[in-house]
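Counting from 0, one number per residue, gives the positions in the sequence shown under numbering that gives the first Met the number 0. To start, the structure under review is shown below, and the notes come after it.
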Amino acid sequence: MGTQGALAGKVALVAGATRGAGRAMAVELGAAGATVYVTGRTTRDRISEVGRATETIEETAELVTAAGGVGIAVPVDHLEPERVRALVERIDRAQGRLDILVNDVWGGEALIEFGKKTWETTLASGLRMLRLGVETHLITAYYALPLLIRQPGGLVVEVTDGTAEFNRTYRLNLFYDLTKNAPIRTAFGLAEELKEFGGTAVSVSPGFLRSEQMLDHFGVTEANWRDAVEKEPHFAIAESPRFVGRAVAALAADPERARWNGKSVFSGDLAKVYGFTDLDGSRPDVSGYFRDVVFGEKEATAADYR
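Listed below in structure tokens is the structure:
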């Protein structure tokens, strides 16, 4: 199903839209016609602890507008309740409604110490991860949901890494495991609370994401990303951020999106239902690939799952 113009008149907040999946989701919501408030800590005047000065919320807002929507950049640290409250009040004054909340705040990649026992890790880093990936989501939901439920049909998307099924496998760092499972339960709980208001809450995860940081990690660009497959064979199943962006836009445009209420899904799971593709025309199925090939030891390649 196409989403062009499907979200005209709708208002979205993408919390954590500086780069990666958050930026792509904001752009695709804009391409569907939405007015999109994009938030984050990195602006053209100030850099967050992530330390990537070239990716800013102003640039994201400009991309949203260029795609056909209206992009509005608002600098917000979602760990500061008063800043989040002021953001929602601004949206209320200007728009009088909020139809879509995408909770994508993160920024804790540099804090992860994979492979270490809990007592061997840096406690401050682990607790910071929980604050960045859990507390921010709860603060944002607390202030944004009263505006979102003002009209029936509101959508909350909790963005994380992995689905409930996929995350049955331990994520190799306790703090990271807890951080990335919390949004799944948050969506599950909010699904129950939003039912009576005609709202829907879904946990959505990209697959193996070709984010700006991941491309830099492998020393490649979006144009030559396949060169990284030699170093990391599973990168062959990787998807661009726009794939999960299209997943969220399709979900938001679906009048029957309540069928997903409380569920956790990969972008590839939604692609099977809605028919959208990645930028190269493929539909990477990361859940099937990891289930069958990585964990199930099936003789197949990533090409069989694109």
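Even for Gly, the Cβ is constructed at its ideal location relative to N, Cα and C. Owing to the predicted nature of the structure, the values given are computational and were not obtained by experimental measurement.
With respect to the 7 Å criterion, residue 152 and residue 197 are classified as neighbours on the basis of their beta carbons.
Annotation: residue 105 to residue 132 spans about 5 Å, alpha carbon to alpha carbon.
In chain order, 52 place their CB closer than 7 Å to the CB of residue 46, counting only its own chain and leaving out the 5 sequence neighbours on each side. In this structure, residue 280 keeps its C-beta atom at 7 Å or more from the C-beta atom of residue 304.
By the neighbour-count criterion, in which a residue is buried when 16 or more other Cβ atoms sit within 10 angstroms of its Cβ, residue 17 is buried. Spatial neighbours of residue 226 in its own chain (CB-CB distance under 6 Å, excluding positions within 5 residues in sequence) are listed in chain order as 219. Per DSSP, the beta bridge partners of residue 156 are 101 and 201. The C-beta distance from residue 246 to residue 5 rounds to 14 Å, too long to fall under 8 Å, and the pair is not in contact.
Here residue 160 has 179 and 204 as same chain residues with Cβ atoms under 7 Å from its own Cβ, once five neighbours each way along the sequence are excluded. A straight line joining the alpha-carbon of residue 283 with that of residue 171 spans about 24 Å. CA-to-CA, the gap between residue 123 and residue 9 works out to about 40 Å.
Restricting attention to alpha helix (DSSP H) runs no shorter than 4 residues, the region 87-142 encloses them at 122-129, ordered along the chain. Under DSSP, residue 14 forms a beta bridge with 38 and 102. Short of 8 Å from the beta carbon of residue 142, and not among the five residues preceding or following it, lie these beta carbons of its own chain, in chain order: 80, 83, 84, 86 and 87.
Under the 8 Å Cβ criterion, the region 56-65 does not count as touching the region 90-102, having fewer than three qualifying pairs. Check the Cα spacing between residue 154 and each of 201, 272, 266 and 68: the tightest is with 201. Judged by DSSP in its simplified three-state form, residue 21 adopts helix. Within 10 angstroms of the beta-carbon of residue 277 lie 16 or more other beta-carbons, which makes it buried. When the alpha-carbon of residue 268 is set against those of 74, 162, 241 and 119, the nearest one is in 162. A buried status is given to residue 185, since no fewer than 16 other beta-carbon atoms sit within 10 Å of its beta-carbon. Just so you know, the alpha carbons of residue 181 and residue 174 end up roughly 11 Å apart.
Residues 172 of the same chain have their beta carbon placed closer than 8 Å to that of residue 115, with the five preceding and five following residues left out of the count. If you draw a straight line from the Cα of residue 93 to the Cα of residue 213, it comes to about 36 Å.
Membership of residue 246 in the alpha helix (DSSP H) is indicated by the continuous run 240-252. Taking the Cα positions, residue 222 is about 12 Å away from residue 211. Relative to the Cα of residue 164, the nearest Cα in the group 7, 302, 31 and 294 belongs to 294. In terms of CA proximity to residue 39, 55 leads the group 55, 25 and 30. Counting only runs that start and end inside the region 39-76, the alpha helix (DSSP H) elements of at least 4 residues fall at 56-66.
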